[in-house]
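Asks:
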Amino acid sequence: MKDIELEYKVVGSGKSILILETGIGGSFYNWYPFIQKIKEDFTIVMYHRAGYGNSPVSKELRTTKNIAEELYELIERIGITEKFVLIGHSFGGLCVQQFSKMYPNKIKGLILIDSTSYNFNKLYNLDIPVMNSLISIDKMIENNMENSNKSKEELNIKFKNMIVEYEKTLPYSEAKDYEELITNPLFSKTIAKEFENWGISSKNILEMGDFPNIPLIVIARDKGVSVKAFVEHDIPVEEAVLYEDTWRELQIELSHSSKKGEIVIAEGSDHDVHLDRPDIIIQCLKRFL
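Residue 1 is where the sequence shown starts when you use the UniProt record's numbering, and the numbers rise one by one after that.
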């Protein structure tokens, strides 16, 4: 037993249960607009991984295996006994790939939204020096460890624009909760630890063998939209195209994990499909009603 009390919220009144695993450095607050669109069809369980929000920091390594075990214990604690639909976005997709291999009998259907791949290293073996100088895993670890050494006040200044945006859309108390989350140095340290263990997690997922034969939908972002966004952030166009072509190949590979797998392209969407094209995710979810 991990014996860790994770923060969670249950929203909605539908008969079908949906459990949401957010991306690295994300929170369930980012999903509120999407949740409002589906709460009549699903009962949605949103939660924060250990070290996020009001979930305490775990002493365990931040591997997808430990994350999956902690989620399983949360599901048991809530008392969910029927099969559920599981969504994983970005790094959350890597977490739910692990969960699906460990607890396949729990899952009614799996949706990976622009998910991290267990073969993510293919991206960092590309000849993309400018991009790697900005968004490599080592850079992400370095940036988040730097943030973890800042004071709450310094982080409040750094993330002020994000805090203000959430204040526009969230009730006062939850906007304050988000501010507490984003300005907590331990949150940044947790993110760094999740990045540090990507390699271990991916190796473990591969070593567990074949993916279970469960319904799987992989939703991939629009290459053109992402290339444009990278170029606007001063990434050379040839690097952006190479990166996006490889990202798409990895999404297709993920869709082949299950015999019941398929890929859906979210035209007009960048990485945050739930914000850019929520309608596509909703169409996919309706198949499980």
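Glycine included, C-beta positions come from ideal geometry on N, C-alpha and C.
Keep in mind it's a predicted model, so treat the numbers as computed, not measured.
Please give me, in chain order, every unbroken run of the beta strand (DSSP E) with length at least 3 that falls completely inside the region 186-265.
Replies: Runs found: 216-221.
Asks: In the DSSP output, what is His274 paired with across the bridge?
Replies: Here the question's residue 274 lines up with position 274 in the sequence shown. Partner(s): none; His274 has no beta bridge.
Asks: In the DSSP assignment, find the alpha helix (DSSP H) that holds Leu155 and state where it starts and stops.
Replies: As a working note, residue 155 is residue 155 in the sequence shown. Element bounds for Leu155: Lys152 to Lys158.
Asks: From Ser258 to Phe159, what distance separates their C-alpha atoms?
Replies: For this step, residue 258 is matched to residue 258 along the sequence shown. For this step, residue 159 is matched to residue 159 along the sequence shown. Ser258 and Phe159: Cα-Cα distance of roughly 40 Å.
Asks: Check whether the region 72-80 and the region 231-242 touch, using three or more Cβ-Cβ pairs below 8 Å as the test.
Replies: No, because fewer than three Cβ pairs between the region 72-80 and the region 231-242 fall closer than 8 Å, the two stretches do not touch.
Asks: Starting from the C-beta of Ser151, find all residues in its chain whose C-beta is less than 6 Å away, skip the five residues before and the five after it, and write them out in chain order.
Replies: Here residue 151 refers to the residue found at position 151 when the sequence shown is read from its first residue. Closer than 6 Å at Cβ, skipping near neighbours: no residue.
Asks: By DSSP, does Gly92 sit in helix, in strand, or in coil?
Replies: Within the sequence shown, residue 92 is the residue found at index 92, counting from 1. Correct three-state label for Gly92: helix.
Asks: Where does Gly224 land, buried or exposed, given buried means 16+ other C-beta within 10 angstroms?
Replies: Along the sequence shown, read from residue 1 onward, the residue named residue 224 stands at position 224. Label assigned to Gly224: exposed.
Asks: Kindly identify the DSSP beta-bridge partner or partners of Thr43.
Replies: Your numbering for residue 43 matches position 43 in the sequence shown. DSSP, once it has assigned bridges, lists Ile17 as partnering Thr43.
Asks: To the nearest whole angstrom, what separates the beta carbons of Gly92 and Glu21, a pair I think is in contact under 8 Å?
Replies: Sequence index remark: in the sequence shown, residue 92 carries index 92 (1-based). Sequence index remark: in the sequence shown, residue 21 carries index 21 (1-based). Right, their Cβ atoms sit about 4 Å apart.
Asks: My guess is that Gly51 and Leu186 are in contact by the Cβ rule of under 8 Å, so how many angstroms apart are they, rounded?
Replies: Locating residue 51 in the sequence shown gives position 51, counting from the first residue. Locating residue 186 in the sequence shown gives position 186, counting from the first residue. Yes, Gly51 and Leu186 are in contact; Cβ-Cβ is about 6 Å, under 8 Å.
Asks: Near Pro215, what residues of its chain come up, given a Cβ to Cβ distance below 6 Å and the 5 sequence neighbours on each side ignored?
Replies: Position 215 of the sequence shown, counted from the start, is the residue given in the question as residue 215. Around Pro215: Gly109 and Lys260.
Asks: In angstroms, rounded to a whole number, what distance separates the CA positions of Leu126 and Asp276?
Replies: The sequence position of residue 126 within the sequence shown is 126, counting from 1. The sequence position of residue 276 within the sequence shown is 276, counting from 1. Leu126 and Asp276: Cα-Cα distance of roughly 28 Å.
Asks: Going by beta-carbon coordinates alone, are Val218 and Ser90 separated by less than 8 Å?
Replies: Position 218 of the sequence shown, counted from the start, is the residue given in the question as residue 218. Position 90 of the sequence shown, counted from the start, is the residue given in the question as residue 90. It is not a contact, given that the beta carbons lie outside the stated cut-off.
Asks: Below 8 Å, how does it come out for the region 165-174 and the region 127-139: are there three or more Cβ pairs, yes or no?
Replies: Not touching, per the Cβ criterion.
Asks: In this structure, how does DSSP classify Lys59 when only helix, strand and coil are distinguished?
Replies: Sequence index remark: in the sequence shown, residue 59 carries index 59 (1-based). Note: Lys59 maps to coil in three-state DSSP.
Asks: Quick one: what's Tyr8 bridged to in DSSP?
Replies: Along the sequence shown, one-based indexing puts residue 8 at 8. DSSP output for Tyr8 lists Tyr47 as bridge partner(s).
Asks: Among Ile67, Met46 and Val10, whose alpha-carbon lies nearest the alpha-carbon of Ile200?
Replies: Counted from its first residue, the sequence shown places residue 200 at position 200. Nearest of Ile67, Met46 and Val10 to Ile200, Cα basis: Ile67.
Asks: Write down the C-beta distance between Glu73 and Lys2 rounded to the nearest angstrom, noting that I regard them as a contact closer than 8 Å.
Replies: In the sequence shown, the residue the question calls residue 73 occupies position 73. In the sequence shown, the residue the question calls residue 2 occupies position 2. Yes, they are in contact, since the Cβ atoms of Glu73 and Lys2 sit about 6 Å apart, within 8 Å.
Asks: In the structure shown, what three-state DSSP assignment does Lys108 receive?
Replies: In the sequence shown, the residue the question calls residue 108 occupies position 108. Looking at Lys108 - three-state DSSP - the assignment turns out to be strand.
Asks: Please determine, among Ala192, Met208, Met102 and Thr183, the residue with the shortest C-alpha to C-alpha distance to Glu142.
Replies: Within the sequence shown, the letter at position 142 stands for residue 142. Of the listed residues, the one whose Cα sits closest to Glu142 is Ala192.
Asks: For the alpha helix (DSSP H) that Lys122 lies in, which residues bound it at each end?
Replies: Locating residue 122 in the sequence shown gives position 122, where the first residue counts as 1. Lys122 -> alpha helix (DSSP H) spans Asn121 to Tyr124.
Asks: Should Asp210 go down as buried or exposed, given a rule of 16 or more other Cβ atoms within 10 Å for buried?
Replies: On the sequence shown, position 210 is the one that residue 210 refers to. By the 10 Å Cβ count, Asp210 comes out exposed.
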